[in-house]
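To keep things clear, I will list the structure first and then write my remarks on it.
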Amino acid sequence: MRLGIMQPYFFPYAGYFDLIIKSDRWVVFDVVKFTRKTWMSRNVILEPNKGHQYVSVAVVRSTADSLTETQVAEFEFAATKILRQLKVYDGRAPHYGVVRDLVERAFSRFREQGSLLLRDLNVVCLDETCRHLGIPFAPEICSSLDLDFSAVDHAGAWALEIADQLGAESYLNPPGGVGLFRAEDWRSRGIELEFTGMPQLTYDTGNLEFRPNASILDCMMWLTADEIREHLASRPVHRAENLG
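Start counting the sequence shown at 80; every next residue gets the next number (this note's numbering).
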């Protein structure tokens, strides 16, 4: 079993889904501190004058700093604003209507759930995106798994403890996290440490300026689900010992 673990981001870039498509089991890593102005609550789409703009969700200001407690603020306003921002693609991108409908479904599902948590909104957005792309997605919420983190002594140990306790044979991480892990710790537990190759996904954006690693919303505006999924599936996986 190959395990993938990530914080729940808001309509993240294609590399996030590269992890999902290559993982057999997926854990939503929600036992972390919420950080403002990060991919937890915003992402990037195109804009004709400035080149890009942020689509974002405001959160309730409180003393709670855990992602498991962070609540969405003024959800209806945020949903309306984001759908309005997406209109920049109307008449430009071939799949504008499909992506707009996807976002509306995600907002509607979150509303019907009755949850106020940012984590739950992001998981719904991830699920709707995976459904569109044809990628199996069965997320497990880390805070609900009754895991023991008493042995965690550095940033890379969180994933090691989750992988070990869930019986993973290998763990897959984005390439930017190489420096977090102690390879010898993984070898001692008999778990293969692997990293994805950064998916260099480029595409024609018409008269808008292409921006690498923009939100998956932007990718889906210009590319079909098959094109995105096939590109991600073709990207290599590297073992830790083979990395420079």
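Ideal Cβ placement from N, Cα and C applies to all residues, glycine included.
Restricting attention to THR208, LEU200, GLN164, LYS116, the CA atom closest to the CA of LEU181 is found in THR208. With a cutoff of 8 Å on beta-carbon distance, LEU82 and VAL107 are scored as not near each other. With at least 16 other beta carbons inside 10 angstroms of its own, THR149 counts as buried.
Counting along the chain, the unbroken alpha helix (DSSP H) around GLN244 starts and ends at 236-244. Along the length of the stretch 143-217, whole alpha helix (DSSP H) runs at least 4 residues long occupy 154-164, 175-192, 197-212, reported in chain order. Bridge partners of MET85 according to DSSP: VAL107.
Under the three-state reduction of DSSP, TYR95 is assigned to helix. Using a Cβ-Cβ distance cut-off of 8 Å, the stretch 103-123 and the stretch 136-146 are in contact, since at least three pairs of beta carbons, one from each stretch, lie closer than that value. Distance from the CA of ASP283 to the CA of ASP297, rounded to the nearest whole angstrom, comes to 11 Å. Around the beta carbon of GLU273, 16 or more other beta carbons lie within 10 angstroms, which makes this residue buried. If you check the CB distance, LEU311 and PHE89 do not come in under 8 Å.
Setting aside the 5 residues that flank it on each side, PHE260 is surrounded in the same chain by GLY235, ALA238, LEU239, ASN252, LEU272, ALA319, each with a C-beta closer than 8 Å to its C-beta; the list follows chain order.
In this structure, GLU126 lies away from ALA137, with their beta-carbon atoms at least 8 Å apart.
Judged by DSSP secondary structure, HIS310 falls outside any beta strand (DSSP E) and instead within the alpha helix (DSSP H) spanning 304-313.
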